Amino acid sequence: MPVVLDTPVAVRRTAMDLLARREHGRVELTRKLRQRGAPPELIDAALDRLVEEGLLSESRYLESFVSYRARSGYGPVRIREELNQRGLQRADIEQALRECGVDWQEKLHELWQRKFAGALPVDARERARQGRFLSYRGYPLDMIGRLLSGRGGDD
1 MPVVLDTPVA VRRTAMDLLA RREHGRVELT RKLRQRGAPP ELIDAALDRL VEEGLLSESR
61 YLESFVSYRA RSGYGPVRIR EELNQRGLQR ADIEQALREC GVDWQEKLHE LWQRKFAGAL
121 PVDARERARQ GRFLSYRGYP LDMIGRLLSG RGGDD
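Structure (C-alpha coordinates):
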(Lines of atoms letter the chains of each structure in order from A; the text may use other names.)
(Lines give C-alpha, C1' and ligand atoms only; values in the text may rest on other atoms or scores of the structure.)
Protein backbone atom coordinates (compact mmCIF):
# COMPACT_ATOMS: atom_id res chain seq x y z
CA MET A 1 0.00 0.00 0.00
CA PRO A 2 1.54 3.36 -1.01
CA VAL A 3 2.25 5.97 1.63
CA VAL A 4 -0.17 8.91 1.53
CA LEU A 5 1.73 12.20 1.57
CA ASP A 6 -0.99 14.49 2.88
CA THR A 7 0.68 15.67 6.10
CA PRO A 8 3.87 17.64 6.70
CA VAL A 9 5.27 14.73 8.73
CA ALA A 10 4.71 12.23 5.90
CA VAL A 11 6.30 14.54 3.32
CA ARG A 12 9.30 15.18 5.57
CA ARG A 13 9.73 11.48 6.32
CA THR A 14 9.65 10.58 2.63
CA ALA A 15 12.12 13.36 1.79
CA MET A 16 14.47 12.17 4.53
CA ASP A 17 14.17 8.57 3.29
CA LEU A 18 15.23 9.72 -0.17
CA LEU A 19 18.11 11.78 1.25
CA ALA A 20 19.26 8.81 3.33
CA ARG A 21 19.90 6.85 0.13
CA ARG A 22 21.95 9.59 -1.58
CA GLU A 23 22.26 13.36 -1.91
CA HIS A 24 19.53 15.05 -3.94
CA GLY A 25 19.13 18.56 -5.30
CA ARG A 26 16.05 20.55 -4.36
CA VAL A 27 14.57 20.35 -7.87
CA GLU A 28 15.06 16.58 -8.04
CA LEU A 29 13.63 16.02 -4.57
CA THR A 30 10.62 18.22 -5.38
CA ARG A 31 9.97 16.21 -8.54
CA LYS A 32 10.15 12.89 -6.67
CA LEU A 33 7.81 14.07 -3.93
CA ARG A 34 5.31 15.39 -6.49
CA GLN A 35 5.40 12.03 -8.28
CA ARG A 36 4.44 10.45 -4.98
CA GLY A 37 1.42 12.75 -4.72
CA ALA A 38 2.57 15.35 -2.18
CA PRO A 39 0.98 18.81 -2.47
CA PRO A 40 3.39 21.59 -3.57
CA GLU A 41 2.84 23.74 -0.44
CA LEU A 42 3.79 20.84 1.86
CA ILE A 43 6.83 20.03 -0.28
CA ASP A 44 8.14 23.61 -0.16
CA ALA A 45 7.69 23.87 3.60
CA ALA A 46 9.36 20.50 4.24
CA LEU A 47 12.31 21.25 1.95
CA ASP A 48 12.79 24.73 3.43
CA ARG A 49 13.04 23.15 6.87
CA LEU A 50 15.49 20.49 5.65
CA VAL A 51 17.68 23.24 4.16
CA GLU A 52 17.59 25.17 7.46
CA GLU A 53 18.62 22.02 9.33
CA GLY A 54 21.45 21.34 6.89
CA LEU A 55 19.98 18.04 5.73
CA LEU A 56 19.39 19.25 2.16
CA SER A 57 22.30 21.02 0.49
CA GLU A 58 22.72 21.93 -3.18
CA SER A 59 26.48 22.30 -2.75
CA ARG A 60 26.81 18.82 -1.22
CA TYR A 61 24.68 17.40 -4.01
CA LEU A 62 26.80 19.10 -6.68
CA GLU A 63 30.03 17.92 -5.07
CA SER A 64 28.76 14.36 -4.83
CA PHE A 65 27.42 14.30 -8.39
CA VAL A 66 30.57 15.77 -9.97
CA SER A 67 32.81 13.40 -8.02
CA TYR A 68 30.73 10.34 -8.94
CA ARG A 69 30.51 11.17 -12.65
CA ALA A 70 34.23 12.05 -12.85
CA ARG A 71 35.12 8.69 -11.25
CA SER A 72 32.87 7.05 -13.85
CA GLY A 73 35.01 8.51 -16.63
CA TYR A 74 32.88 11.46 -17.70
CA GLY A 75 34.31 14.86 -18.52
CA PRO A 76 33.32 18.39 -17.52
CA VAL A 77 31.25 19.12 -20.63
CA ARG A 78 28.98 16.10 -20.10
CA ILE A 79 28.72 16.65 -16.33
CA ARG A 80 27.86 20.33 -16.85
CA GLU A 81 25.09 19.40 -19.30
CA GLU A 82 23.64 16.71 -17.01
CA LEU A 83 23.49 19.12 -14.08
CA ASN A 84 21.98 21.80 -16.29
CA GLN A 85 19.24 19.36 -17.34
CA ARG A 86 18.56 18.66 -13.66
CA GLY A 87 17.64 22.31 -13.16
CA LEU A 88 20.66 23.55 -11.23
CA GLN A 89 22.00 27.10 -11.51
CA ARG A 90 24.82 27.54 -14.04
CA ALA A 91 26.95 29.55 -11.58
CA ASP A 92 26.67 26.78 -8.97
CA ILE A 93 27.58 24.16 -11.57
CA GLU A 94 30.66 26.11 -12.69
CA GLN A 95 31.77 26.59 -9.09
CA ALA A 96 31.37 22.88 -8.35
CA LEU A 97 33.41 21.94 -11.44
CA ARG A 98 36.16 24.41 -10.46
CA GLU A 99 36.32 23.27 -6.84
CA CYS A 100 36.04 19.51 -7.36
CA GLY A 101 39.81 19.02 -7.47
CA VAL A 102 39.67 16.78 -10.55
CA ASP A 103 42.54 16.96 -13.03
CA TRP A 104 40.46 16.64 -16.20
CA GLN A 105 43.52 16.18 -18.43
CA GLU A 106 44.63 13.26 -16.26
CA LYS A 107 41.12 11.74 -16.28
CA LEU A 108 41.02 12.06 -20.07
CA HIS A 109 44.39 10.35 -20.38
CA GLU A 110 43.33 7.50 -18.05
CA LEU A 111 40.11 6.94 -20.01
CA TRP A 112 42.02 6.98 -23.32
CA GLN A 113 44.60 4.51 -21.96
CA ARG A 114 41.87 2.19 -20.72
CA LYS A 115 39.79 2.31 -23.91
CA PHE A 116 42.50 2.48 -26.58
CA ALA A 117 45.53 1.01 -24.75
CA GLY A 118 47.46 4.22 -25.32
CA ALA A 119 47.64 3.69 -29.09
CA LEU A 120 47.78 7.02 -30.92
CA PRO A 121 45.60 7.04 -34.03
CA VAL A 122 47.46 6.05 -37.20
CA ASP A 123 44.98 7.50 -39.70
CA ALA A 124 42.16 10.02 -39.90
CA ARG A 125 39.47 7.38 -39.46
CA GLU A 126 40.95 6.07 -36.20
CA ARG A 127 41.55 9.64 -34.98
CA ALA A 128 37.87 10.45 -35.64
CA ARG A 129 36.74 7.28 -33.85
CA GLN A 130 38.80 8.01 -30.75
CA GLY A 131 37.79 11.67 -30.82
CA ARG A 132 34.08 10.83 -31.06
CA PHE A 133 34.30 8.47 -28.10
CA LEU A 134 36.14 10.98 -25.90
CA SER A 135 33.85 13.81 -26.98
CA TYR A 136 30.77 11.71 -26.18
CA ARG A 137 32.21 11.14 -22.72
CA GLY A 138 32.25 14.92 -22.23
CA TYR A 139 35.80 16.11 -22.73
CA PRO A 140 36.53 19.41 -24.49
CA LEU A 141 37.68 19.18 -28.10
CA ASP A 142 40.88 21.16 -27.48
CA MET A 143 41.94 18.67 -24.78
CA ILE A 144 41.12 15.73 -27.04
CA GLY A 145 43.06 17.28 -29.93
CA ARG A 146 46.17 17.75 -27.77
CA LEU A 147 45.96 14.17 -26.51
CA LEU A 148 45.46 12.59 -29.94
CA SER A 149 48.25 14.62 -31.51
CA GLY A 150 50.64 13.30 -28.86
CA ARG A 151 51.06 16.64 -27.06
CA GLY A 152 48.75 16.05 -24.09
CA GLY A 153 48.77 13.78 -21.09
CA ASP A 154 51.58 11.90 -19.39
CA ASP A 155 52.73 9.54 -22.15
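Counting along the sequence shown from 1, when you hit position 6 you're at 6 in full-length UniProt numbering, and nothing is skipped either side.
Here a beta-carbon is modelled for each residue, glycine too, at the ideal position from N, C-alpha and C.
All of these numbers come straight from a predicted model, not from anything done at the bench.
Query raised in the report: Nearest CA to the CA of Ala46: which residue from Val11, Gly101 and Leu5?
Result: Position 46 of the sequence shown, counting from 1, holds the residue named residue 46. With distances taken between Cα atoms, Ala46 lies closest to Val11.
Query raised in the report: Mind pulling the alpha helix (DSSP H) runs of 4 or more residues that sit fully within the region 28–107?
Result: 40–52, 58–71, 76–85 and 90–99
Requested in this report: Could you name the residues of the same chain whose beta carbon sits closer than 8 Å to that of Val51, not counting the 5 residues immediately before and after it, in chain order?
Outcome: Reading the sequence shown from its first residue, position 51 is the one you call residue 51. Closer than 8 Å at the Cβ level, and outside the excluded window around Val51, lie Arg26 and Ser57.
**Report entry** Span separating the alpha-carbon of Val4 from that of Ala38
**Finding:** The residue you call residue 4 lines up with position 4 of the sequence shown. The residue you call residue 38 lines up with position 38 of the sequence shown. Approximately 8 Å, taken between the alpha carbons.
**Report entry** Assigned secondary structure, Tyr139 (DSSP; H/G/I helix, E/B strand, else coil)
**Finding:** The count along the sequence shown starts at 1 and reaches residue 139 at position 139. Coil, per DSSP.
Query - Rounded straight-line distance, which links the Cα of Asp123 to that of Gln105 - result: Position 105 of the sequence shown, counting from 1, holds the residue named residue 105. Position 123 of the sequence shown, counting from 1, holds the residue named residue 123. Each residue's alpha carbon lies about 23 Å from the other.
Query raised in the report: Would the region 84–93 and the region 111–130 be scored as touching if the rule is three or more Cβ pairs under 8 Å?
Result: no
Query raised in the report: With Pro8 and Leu42 assumed to form a contact (beta carbons below 8 Å), what rounded beta-carbon distance in angstroms separates them?
Result: What you label residue 8 is simply residue 8 of the sequence shown in a count that begins at 1. What you label residue 42 is simply residue 42 of the sequence shown in a count that begins at 1. Contact holds; Cβ gap of about 6 Å.
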